[in-house]
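Going by my numbering, the first residue of the sequence shown is number 82, and it counts up by one from there. From the three backbone atoms N, C-alpha and C, an ideal C-beta is built for every residue, glycine too.
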Amino acid sequence: MKGQLNTTKVRLPLINRSRLVNGLIKALVLLMLAYVIHRQIIAREQIEDIWHIFVQQWRAADQWLLLAAVVLMPLNWGFETLKWRCLTRGFVQQSFFRAYQAVLGGVTLSIFTPNRIGEYGGRILFIPAKDNWKGVVATLVGSFSQLLVLIGLGVLGLVFFAEQHLMLEGYVLWGVFFMGVCLCTLMLFCFYNIGLVIPLVKKLPFAKYLGRAARSVAILRAYDRQVLSQTLVLALGRYFVYSVQYYLLLQFFGLELGFGSTMVGISTIFLLQTSIPLPPFLGLVVRGSLALHIWGYYGFNELAILAATFGLWTLNLILPALIGTIFIFNTNVIQSLGYHDTTPD
82 MKGQLNTTKV RLPLINRSRL VNGLIKALVL LMLAYVIHRQ IIAREQIEDI WHIFVQQWRA
142 ADQWLLLAAV VLMPLNWGFE TLKWRCLTRG FVQQSFFRAY QAVLGGVTLS IFTPNRIGEY
202 GGRILFIPAK DNWKGVVATL VGSFSQLLVL IGLGVLGLVF FAEQHLMLEG YVLWGVFFMG
262 VCLCTLMLFC FYNIGLVIPL VKKLPFAKYL GRAARSVAIL RAYDRQVLSQ TLVLALGRYF
322 VYSVQYYLLL QFFGLELGFG STMVGISTIF LLQTSIPLPP FLGLVVRGSL ALHIWGYYGF
382 NELAILAATF GLWTLNLILP ALIGTIFIFN TNVIQSLGYH DTTPD
């Protein structure tokens, strides 16, 4: 009709909406990472004191200690990358560099999510969308292997630490050791019989509603003893590299102690950190508090302890997260999650 207003709605093309959502997700990731960096580094209490002791030690201490810790950072995540490739090669073929991108992308999302659950979401952005849930299962298995190493060596460290500094009765120490052995034995049994999870998941009353997520658990059948043993060895390698980094940083900041005694303290700290679920904004605070408590038995300087702990966290989480952000920005997040554009360019 003449004079009638045109009420036809102008729809945003799907391809533009996809790009808009991609941009918003990436902007949110960048903002969250910037928030964590500001809260944990820029606005951190004693940051000026930590910087001062760093400059002081850089001039006075052996600089190679810090440089060696920095060089070990990519090796640390390299072990994790090999573990990730080992657990995903049954359903996706990826180069080492592509797998490394996935691991660092997981670090980026994990740094501001509770209990680092963002690690799962970050890694699946770098594998085909149809295999996303298999990637989640693979990440869970890898995390379990690392937890097994942390608890196994942590219990040993705790027993030695308690014997040296807590003056506990012998039967208490043996009790702790026995419970630790029982726990590790149970975890090893579950780890090497991880396929038993498949029938349990299928029997869940809501399994039929999980769809692809429930079916993806079948990937556990591909993890034979050889694959699982290789994964465990790689987890042990990563644990050793991470511990050596901590040792080097402690030495750099003037906390001189024998290698064996330092490893005992480090394994105890790692065990206690693992046993406390933490929101991301409290992670570094609690790490610092635990380190102060454990290293306090050795009479170390508090500021130097905080500096070493802060340095380890920055080196192995903040720097990889920044690099991982670059990799995430080069991915199509929507497509990686299984939502494809149907409108041509």
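Residue i (DSSP reduced to helix, strand or coil)
| i | result |
| --- | --- |
| S224 | helix |
| L427 | The displayed coordinates of the chain run from 82 to 426. Any statement about residue 427 would go beyond what the structure contains. |
| L120 | Residue identity differs from the one stated: residue 120 is Arg in this sequence, not Leu. If DSSP states are grouped into helix, strand and coil, R120 belongs with the helices. |
| Y379 | coil |
| R98 | helix |
| N397 | helix |
| M82 | Residue placement at M82 cannot be trusted, given a pLDDT of 46 that sits under 50; what the coordinates show is reported in the next sentence. Reduced to three states, the DSSP call for M82 is coil. |
| H103 | Note that residue 103 is Asn in the sequence shown here, rather than His. Helix, per DSSP. |
| N274 | coil |
Sequence-distant residues of the same chain with beta carbon closer than 6 Å to residue i, five excluded per side
| i | result |
| --- | --- |
| V230 | A316, L317 and Y320 |
| F258 | V240 |
| S348 | L234, G235 and G238 |
| R197 | S191 |
| Y328 | T343 |
| S226 | T312, L313 and A316 |
| A150 | Q326, L329 and L330 |
Cβ shell of residue i (< 8 Å), same chain only, five flanking positions each side left out
| i | result |
| --- | --- |
| H246 | Y378 |
| I300 | G171, F172, K215, V218 and A219 |
| C167 | V308, Q311, T312 and L315 |
| I232 | G261, L264, C265, M268, L352 and T355 |
| G186 | G203, R204, L206, F207, G405, F408, I409 and T412 |
| M154 | Q326, L396, N397, L400 and P401 |
| V91 | Here V91 scores only 48 on pLDDT, less than 50, and its place in the model should not be relied on; the value that follows carries that caveat. Cβ neighbours of V91 beyond the five flanking positions: none. |
| Y273 | R306 and L309 |
| K107 | I409, F410 and V414 |
| Q175 | R166, T169, A183, F207 and I208 |
Proximal residues to residue i (C-beta, below 7 Å), its chain only, five neighbours per side dropped
| i | result |
| --- | --- |
| L249 | A243 |
| T189 | V110, L114, G203, A402, G405, T406 and I409 |
| F135 | A388 |
| L180 | Correcting the residue identity first, residue 180 is Ala in this sequence and not Leu. These residues qualify, in order along the chain: T162, W165 and R166. |
| D130 | L384 |
| R368 | Q354, T390 and W394 |
| Q138 | F333, F334 and G335 |
First and last residue of the uninterrupted alpha helix (DSSP H) at residue i
| i | result |
| --- | --- |
| S417 | V414 to S417 |
| T406 | L400 to F410 |
Expected contact under 8 Å - CB spacing of residue i and residue j to nearest Å
| i | j | result |
| --- | --- | --- |
| V184 | W145 | 27 Å between Cβ atoms; not a contact. |
| Q326 | N397 | 7 Å |
| G335 | A385 | 6 Å |
| L393 | L330 | 6 Å |
| Y323 | V222 | That pair is no contact at about 19 Å. |
| L333 | L147 | The sequence given here has Phe at residue 333, not Leu. At roughly 5 Å, the Cβ-Cβ gap stays under 8 Å, so F333 and L147 are in contact. |
| G419 | N213 | 7 Å |
| V102 | F193 | Not confirmed; about 20 Å, so no contact. |
| R302 | G276 | 5 Å |
| G346 | I375 | 5 Å |
Chain C contact for residue i (CB, 7 Å cutoff)
| i | result |
| --- | --- |
| H119 | Included in the structure is just one protein chain, with no chain C present. |
Mind pulling the alpha helix (DSSP H) runs of 4 or more residues that sit fully within the segment 240 to 264? The qualifying runs do not exist here; there are none.
Every unbroken alpha helix (DSSP H) within the segment 300 to 368, with a cutoff of 4 residues, ordered by chain: Taken in chain order, the complete alpha helix (DSSP H) segments of 4 residues or longer contained in the segment 300 to 368 are 306 to 333 and 340 to 355.
Write down every uninterrupted run of the alpha helix (DSSP H) in the segment 127 to 210 whose length is 4 residues or greater and which is fully enclosed by it, in chain order. Every alpha helix (DSSP H) of 4 residues or more that sits fully in the segment 127 to 210 is shown, in chain order, as 128 to 141, 144 to 169, 177 to 191 and 199 to 205.
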